[in-house]
Each structure stands twice: as structure tokens, then as C-alpha cells.
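Take 6 as the starting number for the sequence shown in our numbering and just add one per residue.
Remarks on the structure that follows.
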Amino acid sequence: MTILLSILFPIIGGTFILLAPEKGFFGKRKNVFSLALLFLLAGAVFSMLTVLSPKDVADTVTLVWKFTPQLFLLFAVDGVGKVFAVVVTIVWIMCFIFAFEYMKHEENNKRYFGFFVVLYGILMGLEFSGNIVTYYVFYELMTILSAPLVLHNQSKEAIMAGLKYMFYSFFGAYMVLFGLFFVTKLTAPSSMFTEGGYIPYEVVFENRGILLIALFLMILGFSVKAGSFPLHAWLPTAHPVAPAPASAALSGIIVKAGILGVIRTVFYTFNPSFAKGTWVQTTWLVLALITVFMGSMLAYRTDEFKKRLAYSTVSQLSYILFGIGVMEPVAFEGSLLHVIFHAFSKSLLFLAAGAVIYKTGCHKVSELKGIGKKMPVTIWCFAFASLCLIGIPPTGGFLSKWYLAIGALKAQIPVFSILGPVILLISALLTAGYLLPVVVKGFLPGEDYDYENNVNLEKDKGMAWMLVPMIILAVLTIVPSIFSTGIESFVGELALRLM
6 MTILLSILFP
16 IIGGTFILLA
26 PEKGFFGKRK
36 NVFSLALLFL
46 LAGAVFSMLT
56 VLSPKDVADT
66 VTLVWKFTPQ
76 LFLLFAVDGV
86 GKVFAVVVTI
96 VWIMCFIFAF
106 EYMKHEENNK
116 RYFGFFVVLY
126 GILMGLEFSG
136 NIVTYYVFYE
146 LMTILSAPLV
156 LHNQSKEAIM
166 AGLKYMFYSF
176 FGAYMVLFGL
186 FFVTKLTAPS
196 SMFTEGGYIP
206 YEVVFENRGI
216 LLIALFLMIL
226 GFSVKAGSFP
236 LHAWLPTAHP
246 VAPAPASAAL
256 SGIIVKAGIL
266 GVIRTVFYTF
276 NPSFAKGTWV
286 QTTWLVLALI
296 TVFMGSMLAY
306 RTDEFKKRLA
316 YSTVSQLSYI
326 LFGIGVMEPV
336 AFEGSLLHVI
346 FHAFSKSLLF
356 LAAGAVIYKT
366 GCHKVSELKG
376 IGKKMPVTIW
386 CFAFASLCLI
396 GIPPTGGFLS
406 KWYLAIGALK
416 AQIPVFSILG
426 PVILLISALL
436 TAGYLLPVVV
446 KGFLPGEDYD
456 YENNVNLEKD
466 KGMAWMLVPM
476 IILAVLTIVP
486 SIFSTGIESF
496 VGELALRLM
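Structure, rendered in C-alpha cells:
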């Protein structure tokens, strides 16, 4: 029952806010925010009750709807779903709180907060999907309902970016659907997600060629949402035009739906051994490593602040895809850990960038000289997130990248077991090259810097609603990695079961 409440409560609450007339109670921004926060927190409580339930997967299955006698909409809770649900909940609440101050000077706050709350319910539907049909339905809903966040300011640039986002997303989703047709033709359409896959061995043996094509289409389709080359162009276009808390949610969470879709396809629908050593795995790893290097290079060469972070997301998500594609337990563990720590650090980077833009109006990295003197707490938070994304100990990014590199070497895949760690290392150096200058020049602007006229004595004033979420996320980039035994154990056992 808590599964349904975690999904329905935010959806119904957010829809109520969207449909309510903009007068009286709903004419006041604080009232809308308070009500939206209430619905969001209620959904979060039910989600965490679901995650903390000790029940077995079979005991959590909830059948909701039968489209046909063969097509079911159902939910269930498993290890991967729990990991994603916890990460989504933390980041979503932090971005929501940050938006209270950030959206103060934006129009259509009721629409923004309404869609933000609805989206949380949709995301819980994704995390707790019990079969591929349910996942696909909520995946499409997520695309449609996240588009208003990109379109929010309704400028020509925002509208074009929103349309590009939807076009790429739908194109990827249709590739998934095309692959899904092959799978459902040969198996029971609503078979539940099963560790190790549910497609019978005899079906795989008799239809290996067509199923490899189906698997590749589904991986490629879901990878579009994760910003994988060659269908990555929507991501650096959409992020700069969206409000900063929306960019943080898109980059930290929405894109992870593509990652989860790949995991559900490879490990819960098919069996990972099915793709090992095939052209599917080779192509997948090639695209992932191209994206890792290309995203880092483009981020390094880009001066626009939020676009630099968007290209960084393109690169970092393919770290995760590479670890999954290696199909080795340690590498998979690294991928799941990177899902967690990338969500915290990248969301924090976008929130920090939004705070800087909000207070200074500066949109380019070259304009941020001395920003640490004006906004010390914000830039310190940016520094912690940067260290995590680079992979400097004791941050969580070091932990995840260590497992990715060790897992790749253990897999002993010709070329890729060596090339992968090398490219990951080069990308880490490039990451340092495009993130650390913001911190260094921010705190050490040089002797020629005009301190008297540039330093704002009212440092970070009036930013409590922004600073609290950033500080919490900054702590989460470090503390969980220091006391990581429980997380590593849970993720490690999950990885071993799936292989």
C-alpha cells in the first residue's frame, strides 16, 4: 500500500496545485510552496517506508491495472529500486527547498511547484516499476511532465530547448519500444523484473540474432536520456535555459532514468551473459568511452557556466554506462556508487551555479574572478562537489571511480580493460581542469583584483533557503564515503546477485 501512496500522493497533490485557481490562498507564493512541500514530504515519507520495509520482493508486488489480459501495470520493490528511490528523494527535496528563494523573481511559481511535485510521484513509479511495461509507461510520463521545467520561462530559446529535449527523448523511447516489441513477441509481455532476466533460455537460443538487435535498441534508446553519444545534444541545450533547481533535478535525477532503464533491460529482462562478448557489448563500450572523453573536452572548452556543467553530465553519466557495460560485479558496484555520488555532487554544482547567477547575474566562468570573496559558502560547496566529481579522496567520487577502474581491469576484456581506466583517468584530469579554476580564481583572484569595489561585505546574505540544501549536499559528497561500509555491502551484494 505504501508503494501506491508514494506514487499517488505527490501526483494527486501536484495536480491539485496545478488546477487550483490563481487567487485567494493560491494567489500567494508562500502558500503554494508550503502546500507543495507538504505533498512532497508526504510522498517522501511513504517512499522511505517502502524502502525500509523488510518484505521480500514477491511480498511487495502490487497489481494496479490490466491493459489487456497480457499487459499489466504493476509495482514491486527490489534492491536497485531502493537505491534510486533514496537518491531521488534526497536530491528532489533539496532542489525543492532551494527553489523557494531562487524562484522568488520568476513568474508562474504555482505551475513550477505543481509539476515538480507531480514529477516526484512519477519518478517513484519508475523506481518501483515491477515490469518493463510499467517502466515504459512512467518513463514516457516523466519526459512529458519534465518538459515544463525546461520550458518554464517561455522564451524562444527555452521553447526550442524544450522541443529538442522532447524530440530526442521520444526518439530514444521509440527505439526502446521497437526493441520491446521483439521481446514481448517472444515472451510474456508483463513478466516481472527478475534478477538475471526472465527470458527463457530456449527462447534466447532460438532467437539470438533478433534479440541482440532488440537489446541494442533498448540500450541505445535509454542511453539517449543519459546523454550518450551520438544522441547527447539535447542535454547541453536544455540545462542552460531551465531554472537552476530544475537543471539540478534534470542533471542529478531525470537523466538517471536512462541509467535505470539500461539496468532493468540488461540485468532484469535479459541476462548479462547474453550480451557478453557480442557486438552489442563492444558497440556499447565504444560509445560510452567516446562520450566520456568528448563530454569532458567540450566542458573544458566551454565558458558558459551551466553549459559547462551540462557537458560534464554527458561525460560523467557515461562513466556509469561504461561500468554497467563491462558486466563485472566490481565495475557494476562502481556504477551504482557513481549514481549516488554523481546525483549529490552534480545537483550541488548546478545549485551553486544558480546561486551565483541569481546573486551576480554572471553566466560565464570567465566573469567569476573573485566570486569566492563575495559568496564564500556557495563556492566552498562548489569546491566539495568538484572534488567529488574529480574523484579526490575521501569524497564519494573517489570510491566509485576506484571500483569502476578495478572492475574494468578484472573483466579482462581485450582493449577495453586497459583503455577504459586510461580514458577515465584522462577525463578526471579534464574534470579538474574545468571545475577547479572556478574555485581557485574565486578565492585567489590575484593582486590586480579590486578588492575594495568588488568584495560584497554582506556575504551570502538572504540566501538561507539556498545555502541549507547546498551545505547538506556538500556533506553528502563526503560523509557517506567515509562511513561507506553499509552502502558498499548493500551495493556489492546486489552486484553479485545480478551477475
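Quick reminder that beta carbons are idealized off the backbone N, C-alpha and C, glycines included.
The structure presented is a predicted model; accordingly, all values stated were derived computationally and were not measured.
Rounded distance between the beta-carbons of residue j and residue i, thought under 8 angstroms
i, j, result
"VAL138", "PHE77", "7 angstroms"
"HIS347", "GLY328", "With a Cβ gap of about 12 angstroms, HIS347 and GLY328 do not count as contacting."
"VAL96", "GLY257", "5 angstroms"
"TYR144", "ALA243", "Not a contact, Cβ separation roughly 17 angstroms."
"ILE215", "VAL271", "About 17 angstroms separates the two Cβ atoms, so there is no contact after all."
"PRO250", "ALA104", "4 angstroms"
"ILE418", "VAL319", "Actually they are not in contact, since the Cβ atoms of ILE418 and VAL319 sit about 23 angstroms apart, beyond 8 angstroms."
Of the residues the options, the one placed nearest residue i, counting alpha carbons only
i, options, result
"PRO399", "SER323, LYS28, VAL344, SER486", "SER486"
"LEU79", "SER151, SER196, LEU185", "SER196"
"ALA479", "THR199, GLY263, LEU353", "LEU353"
"LEU501", "GLU338, VAL445, TYR439", "GLU338"
"SER233", "THR270, ALA357, SER174", "SER174"
"ALA47", "LYS35, VAL69, ILE16", "ILE16"
"ILE98", "VAL123, LEU45, TYR316", "LEU45"
"ILE218", "LEU435, ALA254, LYS281, GLY184", "GLY184"
"PRO277", "SER252, ILE215, THR199, ALA253", "THR199"
"CYS386", "LYS190, LEU356, ALA104", "LEU356"
"VAL56", "GLY167, HIS110, THR436, LEU9", "LEU9"
"MET108", "TYR206, ASP83, ALA247, LYS71", "ALA247"
"GLY177", "LEU54, ALA166, PRO235, ALA249", "PRO235"
"MET468", "PRO381, PRO205, HIS237, LYS230", "PRO381"
"TRP407", "GLU493, ALA437, TRP239, GLY19", "GLU493"
"PRO450", "ILE411, VAL496, SER371", "SER371"
"THR283", "ALA358, ARG213, VAL82", "ARG213"
"ILE264", "GLN159, SER160, ARG306, TYR140", "TYR140"
Under the three-state DSSP convention, the category residue i falls into
i, result
"VAL246", "helix"
"SER134", "strand"
"MET468", "coil"
"MET6", "coil"
"MET380", "coil"
"GLU112", "coil"
"LYS28", "coil"
"LEU236", "coil"
"LEU76", "coil"
"GLU309", "strand"
"THR288", "helix"
"MET197", "strand"
"LEU154", "helix"
"VAL69", "strand"
"ASN461", "For ASN461, the predicted structure reports a pLDDT of 49, less than 50, and the residue's modelled location is therefore unreliable. A value from the coordinates is still provided. DSSP places ASN461 in coil when its eight states are reduced to three."
"LYS161", "helix"
"LYS35", "helix"
"LYS374", "coil"
"LYS281", "coil"
"LYS190", "helix"
"LYS351", "helix"
"LEU503", "helix"
Same chain, Cβ closer than 7 angstroms to residue i, five either side skipped, listed in chain order
i, result
"SER350", "ALA390, CYS393, LEU394, GLY402, THR482"
"HIS368", "GLU309, PHE310, ILE362"
"VAL92", "VAL344, ILE345, ALA348"
"LEU13", "GLY126"
"ILE268", "VAL85, ILE329"
"PRO59", "none"
"ILE477", "MET99"
Contact check, residue i vs residue j, beta carbons under 7 angstroms
i, j, result
"MET180", "LEU222", "yes"
"SER301", "SER432", "yes"
"ALA336", "LEU409", "yes"
"LEU262", "LEU68", "The sequence shown places Ala at residue 262, rather than the Leu named in the question. Contact: no."
"ILE428", "LEU292", "no"
"LEU326", "TYR316", "no"
"LEU290", "PHE421", "yes"
"GLY532", "PHE275", "Since the first and last residues shown for the chain are 6 and 504, residue 532 lies out of range."
"LEU499", "VAL443", "no"
"VAL260", "ALA231", "yes"
"GLY135", "ALA81", "yes"
Own chain residues within Cβ distance below 6 angstroms of residue i, not counting five before or after
i, result
"GLU112", "none"
"SER52", "SER11, ALA90, THR94, MET129"
"ARG34", "ASN114"
"ALA163", "LEU156, VAL246"
"ALA253", "CYS100, SER352, PHE355, LEU356"
"LEU191", "VAL208, ASN212"
C-beta neighbour in chain B for residue i, strict 7 angstroms
i, result
"PHE389", "The structure shown has no chain B; it contains just one protein chain."
Contact set for residue i: own chain, Cβ-Cβ below 8 angstroms, skip 5 residues either direction
i, result
"ILE473", "Before going on, a small fix: residue 473 reads as Val here, not Ile. ILE102."
"ILE22", "PHE31, VAL37, LEU40, ALA41, PHE44, LYS115, PHE118, GLY119, VAL122"
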